[in-house]
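Structure first, commentary second.
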Amino acid sequence: MSAQTGSPRAAGVPHTDSYYASSANNHAPWPELTDNIECDVCIVGAGYTGISSALYLCEAGYDVVVLEAARVGWGASGRNGGQVVNSYSRDIDVIEERYGRQTADMLGSMMFEGANIIRQRIDQYAIDCDYRPGCIFAALSARQLAKLRDQQKLWNRYGHTELRLLDETAVRGEIATDRYVGGLLDKNGGHLHPLNLVLGEAEAVRRHGGRIFEGSAVTRIDHGEPALVHTAKGQVKAKYVILAGNAYLSQQLAPRLTRLSMPCGSQIVATEPLSDDMALSLLPNNYCVEDCNYLLDYFRLTADNRMLYGGGVTYGGKNPPNIDSVILPKLNRTFPQLKGVKIDYRWGGNFLLTLSRLPQFGRLENNIYYMQGDSGHGVTLTHLAGKLITEMLRGDAERFDAFARLPHMPFFGGRNFQVPFTMLGAAYYSLRDRLGV
């Protein structure tokens, strides 16, 4: 999820100017790689995928090196909405329909594990990241509410019973807006400060002896056993390599992977701190919220009572010229009581979309692995990914392979036409959302 080639290369590149960067916990810096070193596992990318993998591998006794082109959490891991959302971007009923009951049962058994891993990491390593429980899926139409009823039954089938269906009165008691006709409250979801989470996990990697290098973009990988991973000023000889760059992975570094996925941008604003009374009136129980539209809105309160509001998608990964013009109409429509509130921060970042909307795990060579394409569910899925790659390297590949066997389909029209074709599809589904069909 974090940056590699394609992001700034110089050591000390700052994080994007976001609320998260301005409120990040202090930590000791990580050096630039300027030597030739060896390790068991070299990980390319210091976002959630890379750092989660590094921490699990360090705990298992592996000698681990992480190479990051910019800063730990520089990419989506340090910029996202901070929502801990269960399951996958395509729910388990779609997986069963497409790939069969056996695949659905295997993936269904893992669909709530990522959130549990996050909470366990926070407790185990005393990570200060403002975690708060509770996530609401908000329905804007009767059709969407019916789907949430089906989702509750489906998730109950896989053992997740911490769900409460909200009617129109109940959802308005949780969210001070008249936009929603109902919702589904997941007590096993939640929200947090995403950059502080990854920084805390990176500190845990350091305490376990893992080595992290910032400002160390990977320029080339020489395949072999061992593999040689090159940066501008050094190289790493490794028994295994894990590519964890996601939306910021260079097309030149792994063209076979970038053909199978597309960077997409999402934008967020954060208001000035609200009064306690105002914050409490908007979200009385401090749950995070995402709506059920295809191009969804998401929002929550921060620890200092800012309203953090994001939404929409820019296919291809570029930010619009004016983020406020995209997000503020959505914010004001949901919370007209905040009209005119001062916006202190606005920023964007990329996540990686796959055609199937399911993650892509696998290997490029005998000892070079990849995990990418969480399609908007990266906070939880990346933490699961770190556990699965560790299981796989230790000899138990069953759960990793359940994802690796999913078809990895290229976008229609190849690299040149994936954006316009995807935009056409998005326009179709957005129209359906507006019409309530």
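With the first letter of the sequence shown counted as 1, position 356 gets the number 356 in the UniProt record's numbering; the numbers rise by one all the way through.
Heads up, the beta-carbon is just placed ideally off N, CA and C, and yes, glycines get one too.
Treat the numbers as computed from the prediction; the structure is a model and nothing was measured.
TODO: May I ask which residues mark the beginning and end of the alpha helix (DSSP H) holding F400?
DONE: The residue given as residue 400 occupies position 400 in the sequence shown. F400 -> alpha helix (DSSP H) spans E398 to A404.
Open item on the list: Could you check whether L260 and A279 sit closer than 8 Å to each other, using their CB atoms as the reference points?
Closed with: Counting from 1 along the sequence shown, the entry for residue 279 is found at position 279. Counting from 1 along the sequence shown, the entry for residue 260 is found at position 260. No, they are not a contact pair.
Open item on the list: Can you tell me where the beta strand (DSSP E) holding A238 begins and where it ends?
Closed with: Numbered from 1 along the sequence shown, position 238 holds the residue referred to as residue 238. Per DSSP, A238 belongs to the beta strand (DSSP E) from Q235 to L243.
- [ ] Taking only runs that begin and end inside the segment 282–355, name each unbroken alpha helix (DSSP H) of 4 or more residues, in chain order.
- [x] 323–334
Task: Where S52 falls: helix, strand or coil (DSSP) - done: Start at 1 with the first residue of the sequence shown, and residue 52 comes out as number 52. Looking at S52 - three-state DSSP - the assignment turns out to be helix.
- [ ] Check whether the Cβ atoms of G73 and L199 lie closer than 8 Å to each other.
- [x] As a first step, residue 73 is located in the sequence shown; it is residue number 73 there, counting from the start. As a first step, residue 199 is located in the sequence shown; it is residue number 199 there, counting from the start. A contact, by the Cβ cut-off of 8 Å.
TODO: Report buried or exposed for D277, applying the criterion of at least 16 other Cβ atoms within 10 angstroms of its Cβ.
DONE: As a first step, residue 277 is located in the sequence shown; it is residue number 277 there, counting from the start. With fewer than 16 other Cβ atoms within 10 Å, it is exposed.
Open item on the list: Mapping the DSSP letters down to three states, classify H15 as helix, strand or coil.
Closed with: Against the sequence shown, residue 15 aligns to sequence position 15. In the structure shown, H15 sits in coil (DSSP, three-state: anything other than H, G, I, E or B).
Open item on the list: Tell me the rounded alpha-carbon separation between A146 and T177.
Closed with: Walking along the sequence shown from the start, residue 146 turns up at place 146. Walking along the sequence shown from the start, residue 177 turns up at place 177. Looking at the two C-alpha atoms, the distance is approximately 20 Å.
TODO: Please determine, among Q360, Y19, I51 and G386, the residue with the shortest C-alpha to C-alpha distance to V205.
DONE: Reading the sequence shown from its first residue, position 205 is the one you call residue 205. The residue with the shortest Cα to Cα distance from V205 is I51.
Task: CA-to-CA distance, L33 to V13, given in whole angstroms - done: On the sequence shown, position 13 is the one that residue 13 refers to. On the sequence shown, position 33 is the one that residue 33 refers to. Answer to the nearest angstrom: the Cα atoms are 15 Å apart.
- [ ] In the DSSP assignment, find the beta strand (DSSP E) that holds T271 and state where it starts and stops.
- [x] For the purposes of this step, residue 271 is identified with residue 271 of the sequence shown, where counting begins at 1. From DSSP, the beta strand (DSSP E) with T271 extends over S261 to T271.
Task: Cβ neighbour criterion (16 or more within 10 Å) applied to N36 - done: Position 36 of the sequence shown, counted from the first residue, corresponds to residue 36. Exposed is the call here.
TODO: Go through its chain and collect everything with a Cβ distance to K330's Cβ below 6 Å, but skip five positions before and after it.
DONE: As a position in the sequence shown, residue 330 is number 330, starting the count at 1. Cβ within range, chain order: D297 and G311.
TODO: Take G376 and list the residues in its own chain whose beta-carbon comes closer than 7 Å to its own, dropping the five residues that flank it on each side.
DONE: For this step, residue 376 is matched to residue 376 along the sequence shown. Excluding residues within five positions, the ones whose Cβ falls inside 7 Å are S89 and F351.
Open item on the list: Among the candidates M106, Y99, P194 and L107, whose CA atom is the shortest distance from the CA of I118?
Closed with: To locate residue 118, count along the sequence shown from 1; it is residue 118. Checked all of M106, Y99, P194 and L107; the closest Cα to I118 is P194.
TODO: Would you kindly report the start and end of the unbroken beta strand (DSSP E) that includes I43?
DONE: For the purposes of this step, residue 43 is taken as the residue at position 43 of the sequence shown. It spans N36 to V44 - the beta strand (DSSP E) in which I43 sits, taken as one unbroken run.
Task: Per-residue burial, R415 [other beta carbons within 10 Å of its own, 16 or more giving buried] - done: Position 415 of the sequence shown, counted from the first residue, corresponds to residue 415. Caution applies to R415, whose pLDDT of 49 falls short of 50 and renders its modelled position unreliable; the value that the coordinates give is listed next. R415 comes out exposed.
Open item on the list: Rounding to the nearest angstrom, what Cα-Cα distance links A397 and C42 in this structure?
Closed with: As a first step, residue 397 is located in the sequence shown; it is residue number 397 there, counting from the start. As a first step, residue 42 is located in the sequence shown; it is residue number 42 there, counting from the start. Cα to Cα, the separation comes out at about 19 Å.
Task: Assumed close pair G114, L384 - CB separation to whole angstroms, cut-off 8 Å - done: Here the question's residue 114 lines up with position 114 in the sequence shown. Here the question's residue 384 lines up with position 384 in the sequence shown. Indeed they touch by this definition, with Cβ atoms about 4 Å apart.
Open item on the list: Which residue wins for smallest C-alpha separation from S353, given the options Y125, N366, M371 and D344?
Closed with: Position 353 of the sequence shown, counted from the start, is the residue given in the question as residue 353. Reading the sequence as shown, one finds Leu at residue 353 and not Ser. Minimum Cα distance to L353 is reached at M371.
TODO: Quick one: give me the first and last residue of the alpha helix (DSSP H) that I118 is part of.
DONE: If you number the sequence shown from 1, residue 118 lands on position 118. Counting along the chain, the alpha helix (DSSP H) containing I118 begins and ends at E113 to Q124.
TODO: Give the DSSP bridge partners of Y369, in chain order.
DONE: One-based indexing of the sequence shown puts residue 369 at position 369. Note: Y369 sits in a beta bridge opposite I242 and R363.
Task: Backbone CA spacing between D401 and Y369 [nearest angstrom] - done: Taking the sequence shown and counting its residues from 1, one reaches residue 401 at position 401. Taking the sequence shown and counting its residues from 1, one reaches residue 369 at position 369. For D401 and Y369, the distance between alpha carbons rounds to 12 Å.
Open item on the list: the ligand ATP and R256: does any heavy atom of the ligand fall closer than 7 Å to the residue's C-beta?
Closed with: Absent from the structure shown: the ligand ATP. Ligands present: none.
Task: Exposure of D91, with buried meaning 16 or more beta-carbon neighbours within 10 Å - done: Against the sequence shown, residue 91 aligns to sequence position 91. Buried is the call here.
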